[in-house]
Amino acid sequence: GAGSRAQRARDARLSSARRSRLNLFVARAAQSPHTWQHMTMRLSAATRSLSSILAASLARDARAFSAVPILRARAANRSRPLASTRSGGARSVSDFTTSELKRLLSERGIDFRDCLEKSELVERLQSALRGDQPSDSSALAALGEGERSVVQLFQRVSPSVAFIQTSTVRAAGPLSLRGEVVPQGSGSGFVWDDEGHVVTNYHVIQQAQKATVTGLGTGDAASMALFDATLVGAEPEKDIAVLKVRAPKSVLRPITVGSSSELLVGQSVFAIGNPFGLDHTLTQGIVSAVGREVQGVAGRPIKGCVQTDAAINPGNSGGPLLDAKGRLVGVNTAIYSPSGASAGIGFAIPVDTVRRIVNQLIRYGRMLRPSMGISVADDQMTRGLADRLGKPLEGVLVMEAPPNTPGGEAGLVGCMRKGGQLYLGDLITEVNGAAVKTVEDLLALVEETDPGDVVTLTVHRGADAGKVETLSVKTVERGALRG
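This note's numbering puts the sequence shown at residues 116 to 598.
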């Protein structure tokens with residue numbers, strides 16, 4: 116309205132007055148060099164003041180995103196220092212190129228694959244420098260709990276696993292007296308104690324004249340050394356052997372020994388070994404079955420073996436089978452496979468058996484076998500007698516029980532012939548409450564005890580099921596009977 120037009124008129128008059136005063140000031144300055152110089156100095160001072168204020172503001176911002184922490188971090192990582200500006204000042208994180216940012220993130224083990232823009236790279240690096248982003252020296256932080264536990268298990272146990280190579284010596288030629296070392300095979304093993312004892316399968320070193328051990332420890336120079344191994348003792352019937360190496364204590368990491376008595380079908384197990392010479396290979400599976408029998412290299416079955424679907428291949432023999440906590444629960448010994456490679460059916464000697472054998476081999480150099488000093492009929496003979504007599508004989512028939520043996524002194528009676536007639540001896544049906552069906556059952560149950568232990572036998576007197584008695588027999592070491 117009228118008020119607006121009046122306001123515009125007043126503004127026009129003020130603008131005209133200001134222009135008149137400015138023109139008058141410039142005209143006087145042009146006539147007087149001193150006045151012009153004074154005006155220029157005042158403008159320069161104002162400009163310098165404004166520049167100082169701007170510089171101070173930029174400095175405060177630069178300090179907030181200073182690259183000094185990066186320099187310290189890089190110095191800790193022994194990397195070359197970051198580039199500086201030409202004036203020598205530190206660069207801001209945002210001043211780095213995309214390739215430089217990626218290099219810095221890679222050096223710190225930080226994943227940046229999801230960063231699409233440079234600003235995201237800058238934010239990721241700044242977060243890492245503040246400590247928000249875990250700088251992953253082991254990449255564990257990015258894994259799930261299950262994966263992390265498996266990785267930690269391998270890192271903890273693999274220094275205890277040995278790579279065993281065997282060889283033989285033969286003549287270089289038909290007429291040569293010089294011998295040459297010929298590779299025999301390879302297998303796995305593990306450190307039992309800090310005295311240098313290494314446990315493996317007997318069949319790994321069975322035909323070898325020389326064995327070497329490598330791969331012990333955590334990967335330093337000492338652990339990569341090759342150590343000659345000597346044989347401490349072996350138990351062919353259980354496929355167990357103990358070697359000894361003279362290695363520094365720093366590379367001897369004894370394995371943690373668990374128990375096989377409470378293994379359950381379905382629980383997770385892990386195998387570490389050297390299949391086909393590929394050292395420190397980890398495979399994972401489950402307990403497929405327990406209580407399996409595996410034919411040993413000595414011809415006798417190994418009872419109580421653990422069946423697993425964890426991949427076990429040639430070269431895994433003698434390596435550890437572990438539970439989810441990294442404890443030894445078995446020694447990998449055999450596979451069932453038409454092709455010779457893993458078919459998902461592997462077997463391990465239970466650790467409860469291994470512990471008993473290894474301790475005796477280390478202490479005595481041989482397996483001390485408890486014995487009752489009796490002779491028994493083989494299974495085929497017992498079945499033949501049962502067929503001829505027309506009655507079942509479920510157990511092990513005693514053939515001889517000499518009076519100066521533990522069995523004879525306990526009252527066991529063997530078979531006898533009188534007047535051309537055969538009188539059957541005692542039939543052993545149980546040992547310590549466990550049923551006995553075959554000779555192997557009897558031997559396995561007695562050998563689970565130590566020499567000097569007392570075993571309780573349930574017998575049928577004269578193989579008569581109506582005459583059941585219980586006898587206690589104190590075993591002795593088998594070698595003492597031969598003496």
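Note that CB positions come from ideal geometry on N, CA and C, so glycine has one too. Here the structure is a predicted model, which is why all the values come from computation and not from measurement.
If you ignore the 5 residues before and after residue 403, its C-beta comes within less than 6 Å of the C-beta of 422, 423 and 424, all in its own chain and listed in chain order.
Ranking 461, 355 and 442 by CA distance to the CA of residue 275 puts 442 first.
In the three-state scheme derived from DSSP, where H, G and I count as helix and E and B as strand, residue 379 is classed as coil. The beta carbon of residue 477 lies closer than 7 Å to those of 312, 347 and 357 in the same chain, with the five residues before and after it left out.
The alpha-carbon separation between residue 389 and residue 430 amounts to approximately 5 Å. Under the DSSP assignment, residue 419 falls in the beta strand (DSSP E) whose first and last residues are 416-423.
In the structure shown, the three-state DSSP call for residue 333 is coil. The beta carbon of residue 475 sits closer than 7 Å to the beta carbons of 482 and 483 from its chain, once the five residues preceding and following it are set aside; these are given in chain order.
Annotated three-state conformation of residue 477 is helix, per DSSP. Secondary structure remark: continuous beta strand (DSSP E) runs of at least 3 residues inside the segment 476-515, in chain order: 511-515. Using a Cβ-Cβ distance cut-off of 8 Å, the segment 542-558 and the segment 506-513 are in contact, since at least three pairs of beta carbons, one from each stretch, lie closer than that value.
Ranked by Cα distance from residue 372, the options 327, 468 and 353 are led by 468. By the neighbour-count definition (other C-beta atoms within 10 Å, threshold 16), residue 552 is an exposed residue.
For the alpha helix (DSSP H) assignment, the uninterrupted runs of no fewer than 4 residues enclosed by the segment 205-244 are, from N- to C-terminal side, 213-222. Sorting 267, 515 and 329 by C-alpha distance to the C-alpha of residue 488 places 515 at the top.
Contact between residue 416 and residue 409 holds, since their C-beta atoms are separated by about 7 Å, short of 8 Å. Between residue 571 and residue 587, the beta carbon gap of about 6 Å places them in contact (Cβ cut-off 8 Å). Each residue's CA atom was taken as its position, placing residue 378 and residue 366 some 30 Å apart.
Residue 527 holds the alpha-carbon nearest to the alpha-carbon of residue 575 among 527, 531 and 554. In the DSSP annotation of this structure, residue 460 is not part of any alpha helix (DSSP H), being labelled neither H nor E. According to DSSP, residue 536 shares a beta bridge with 533. Sorting 320, 241 and 304 by C-alpha distance to the C-alpha of residue 223 places 241 at the top. For residue 349 and residue 447, the gap between their C-alpha atoms comes out near 16 Å. Non-local beta-carbon contacts of residue 497 in its own chain, meaning distances under 6 Å to residues more than five positions away in sequence, involve 508 and 512 in chain order. Judged by their CB atoms, residue 383 and residue 401 are nearer to each other than the 7 Å cut-off. If you draw a 10 Å sphere on the C-beta of residue 396, you find 16 or more other C-beta atoms in it, and that means buried.
In the three-state reduction of the DSSP assignment, residue 552 falls in the coil class. If you look at residue 270, you'll find it in the alpha helix (DSSP H) that goes 260-272. DSSP places residue 520 in the coil class of the three-state scheme, outside both helix and strand. Looking at the DSSP output, residue 312 bridges to 359. For residue 395, there is no enclosing beta strand (DSSP E), as DSSP marks it with neither H nor E.
Burial state of residue 502 is exposed, judged by a 10 Å Cβ sphere holding fewer than 16 other Cβ atoms. Ranked by Cα distance from residue 420, the options 428, 427, 445 and 269 are led by 445. No Cβ-Cβ contact shorter than 7 Å links residue 435 with residue 472. A residue is called buried when at least 16 other Cβ atoms come within 10 angstroms of its Cβ; residue 520 meets this threshold and is buried. DSSP places residue 320 in the uninterrupted alpha helix (DSSP H) bounded by 317-320.
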